[in-house]
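Written below as structure tokens is the structure these notes are about.
Chains as they are written, first to last, in the working numbering: chain C, 44 to 835; chain Y, 122 to 273.
Right, here's the structure in full:
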């Protein structure tokens, strides 16, 4: 057993954990044999096309479907009124994070938050461009699309609001009549009075407002749903990809007003998520409902344009930050005022809440206060997007530090070093009351700087200049948090065929759970990872579980696997004791996965065979089959830093990332090969927002102008360098394996590091800040404005 | 219209609607679901297959235009129990995560090395400009392709 008597992890006894094993899931994916949602088809299935709102805000006056109903192949056309008539409920979104440690957000009166109910199809008005309004079902996809063109929706256009500042104004158009303005959350944390006092008497005070813009996840597999209803068994079946089919099952059942047991969801391979597929989309319950109504399977697959218009999106935070320092440049107080654009409905407050908890970042600041507000706008709702909320606040802090250092004429690295939380002060409680579990922040920074070759930076700058480029260096520290749904469950079952099934509630979307979970179970049960079969993907088999979000899966699954393995070994001993008439105490479990007593030895699989046909009673009745649940609220705080170089062409102002170094403390890395891969992708997510990505709405019409991959820039192979990544594993004391989280950390400092490099590259123009994305146009405009300023 | 072509070495003959895209024909009519569709605008490259030995985006071609052609999809890259060298290198280097873009990336990569067996890193990156990956940041994809090139 890899745990000693006191339950302490004995790393000398592990053989699979920590190894960069190749992934079990790869072979099928490499052969084109993955099972993604749209790969499923059912005999005679109908197809759905949705008529979507062309306006950001409009009353629905009338829907005329008479022409469309005559269109060839049309089976049925449904509207919001049909949903109401059948008593379908709004999607029960739960936007407020559920652990004991999350900061509690409230409405402006300190009460429960009005979230703006999401009916499956609206009946009163549309609240964002792309909102589904009418469902058209036909025999073929083409026929459904043709018929959708013939549905006439009579809209009365209303004034709209799309950005945070406009929604905050008193005379702003209101997205919801149910509340007095657009502000659905307003909560203050920390100690504003004390902060004011310190600010008033401080030697230095710096402040700056930043907008971290709207982006969208773009998992390459568009969402898809295939539903059927069996009138004999009265059961529903849904094939739909998500980050956790179990939660979807319960939420969709509530929407349809049915017993959760009557709904089966199958979710095998999922083509990326990044937060985009965390939530139930209206199309999922709608195809289920319509398949019962039409007594036929129904399929929906989103086009990329529909994904741009209706996938939940990310970021969109306006933040004003203020920082005071004493004469030794020691930070003395910090204040943040953050406003999140939640879109037309509150789907998730995780970005706002998680960000607020970490506004002081990895720095030792004795006092802080933060105001958290959220506003409705006529845009697609925002949700947690890779490293929800943390890149935003890291951007604000790390940009402010650079601005302050420049103004003080000191080295920004030195300013960081003076104020970083010392490893000896761990666990560290920040000024908003959040306790960081562990970490060696200055070591992270030293590692990155050692790889950065700063001694020769001026030579590289000179060399770049000769080549017609401005070269800049950028740096950012980070600390982020991994919380997420506190409950996870697992079932371990020893099968006589030579495998142990590990049935787990959480669902991967590319993170390699089949391999890393097997590595953990294998070490605990004394087997090889090949002998562990990880099972998820079917809610008739997997009954409970939290899903992949907030970097929670490895930590939660790892912990509950530890508990279940302990139970299973205990069960094995009891069964040996019963079957072979031995004293329980005389049986031991050996590392190589067998039970021994006197000169006898029996393996897991021999024991499974031995109990076949034996009637087991009482506590032993499930045989070698253990279910275990765990609830773990304590968060962990992955941390690290990034250093990078950007070259900007002097003629065209096109920026190019030329070097990127990431140091990450993920706690224990179960599979470093997978962790490195997560880090690479995570970097690209952050760099994408810094240099290329913005979900852009036309200021005059509220129409999205980035509705396809032709005009929304996700990073391409020729726009990124190879990365230098290193881990600085500091085990978390909060869970038995010491896991923090991988996959979101490296996104967190990337926005700030890249923009710091862009600003540094332009030092001769004395530009204080450049908004994201730092496209050639944005850079040129900043330089040009500066030139005009200096001439006037 | 009825079209006949060879796919992964097998002759097929099917009736198709004139407006059916080659990608949809491969997926829905022939049931070869390893070829994926990730966008509507020929940007993502999830649908790359080989047509008469050349990498093309199958979402940007009508099925009828592929009449009498020879097509290889990801399913036809290895006909044995062993993976092809490129597939194997992707596994070894962890060059895939969710696996959705992977078939298209691999078909492009095989085509690249056929035309340029010893590319530089920059040439590999340029050649993959038409294949989007949202998971890997391309780092391990580039490594996997260069590994095959070095071994070959």
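Glycine is no exception: its CB is placed at the ideal position from the N, C-alpha and C atoms.
- Within the region 733 to 753 of chain C, 751, 752 and 753 place their CB atoms closer than 8 Å to a CB of chain Y, listed in sequence order.
- Taking a C-beta distance under 7 Å as the contact criterion, residue 263 (chain C) and residue 221 (chain Y) qualify as a contact pair.
- In this structure, DSSP gives residue 132 (chain Y) an extended state, which the three-state scheme calls strand.
- Counting the other Cβ atoms within 10 Å of the Cβ of residue 191 (chain C) gives 16 or more, which makes it buried.
- Of the candidates C:713, C:724, C:376 and C:691, C:724 places its Cα closest to the Cα of residue 705 (chain C).
- Cβ atoms of residue 159 (chain C) and residue 411 (chain C) stay farther apart than 8 Å, at about 31 Å.
- Taking C-alpha positions only, residue 258 (chain Y) is separated from residue 393 (chain C) by approximately 25 Å.
- Around residue 260 (chain Y), the beta-carbon contacts reaching into chain C at under 7 Å are 723, 765 and 766.
- In the displayed model, residue 356 (chain C) falls within a strand according to three-state DSSP.
- In the DSSP assignment, no residue is bridged to residue 372 (chain C).
- Contact between residue 515 (chain C) and residue 689 (chain C) holds: CB atoms are separated by about 5 Å, below the 8 Å threshold.
- Under the DSSP assignment, residue 278 (chain C) falls in the beta strand (DSSP E) whose first and last residues are 278 to 283.
- At least 7 Å separates the CB of residue 580 (chain C) from every CB of chain Y.
- In terms of CA proximity to residue 372 (chain C), C:247 leads the group C:322, C:162, C:629 and C:247.
- For residue 166 (chain Y), no CB of chain C lies under 7 Å from its own CB, so it is not counted at the interface with that chain.
- DSSP lists no beta-bridge partner residue for residue 328 (chain C).
- In the DSSP assignment, residue 300 (chain C) falls outside any beta strand (DSSP E), carrying neither H nor E.
- With respect to chain C, the C-beta atom of residue 150 (chain Y) has no partner C-beta closer than 7 Å.
- Beta-bridge annotation (DSSP): residue 531 (chain C) is paired with C:673.
- At least 7 Å separates the beta-carbon of residue 187 (chain C) from that of residue 98 (chain C).
- About 5 Å separates the beta carbons of residue 268 (chain C) and residue 343 (chain C), which is inside the 8 Å limit, making them a contact pair.
- Here residue 484 (chain C) carries a helix assignment [DSSP, helix/strand/coil].
- Relative to the Cα of residue 202 (chain C), the nearest Cα in the group C:193, C:195 and C:214 belongs to C:214.
- Across the set C:379, C:347, C:272 and C:302, the C-alpha of C:272 shows the shortest separation from the C-alpha of residue 330 (chain C).
- Think of a sphere of 8 Å around the beta carbon of residue 263 (chain Y): the chain C residues whose beta carbon falls inside it are 760 and 765, in chain order.
- Annotation: Cβ neighbours of residue 223 (chain Y) in chain C (cutoff 7 Å, chain order): 72 and 73.
- Closest option to residue 105 (chain C), judged by alpha-carbon separation, among C:621, C:227, C:185 and C:200: C:200.
- Within the DSSP secondary-structure output, residue 687 (chain C) pairs in a beta bridge with C:517 and C:703.
- Using a C-beta cut-off of 8 Å, the region 742 to 755 of chain C makes no contact with the region 521 to 529 of chain C, since fewer than three inter-stretch Cβ pairs fall below that distance.
- In terms of Cβ geometry, residue 709 (chain C) and residue 796 (chain C) do not form a close pair [threshold 7 Å].
- If you check each beta-carbon in the region 242 to 270 of chain C against every beta-carbon of chain Y, the ones closer than 9 Å belong to 260, 261, 262, 263, 264 and 265.
- According to DSSP, residue 195 (chain C) shares a beta bridge with C:107.
- Each of Y:188, Y:145, Y:186 and Y:198 was checked against the Cα of residue 168 (chain Y), and the nearest Cα belongs to Y:145.
- Boundaries of the alpha helix (DSSP H) harbouring residue 617 (chain C): 596 to 622, taken from the DSSP string.
- Here residue 259 (chain C) carries a strand assignment [DSSP, helix/strand/coil].
- Not one beta carbon of chain Y lies nearer than 7 Å to the beta carbon of residue 180 (chain C).
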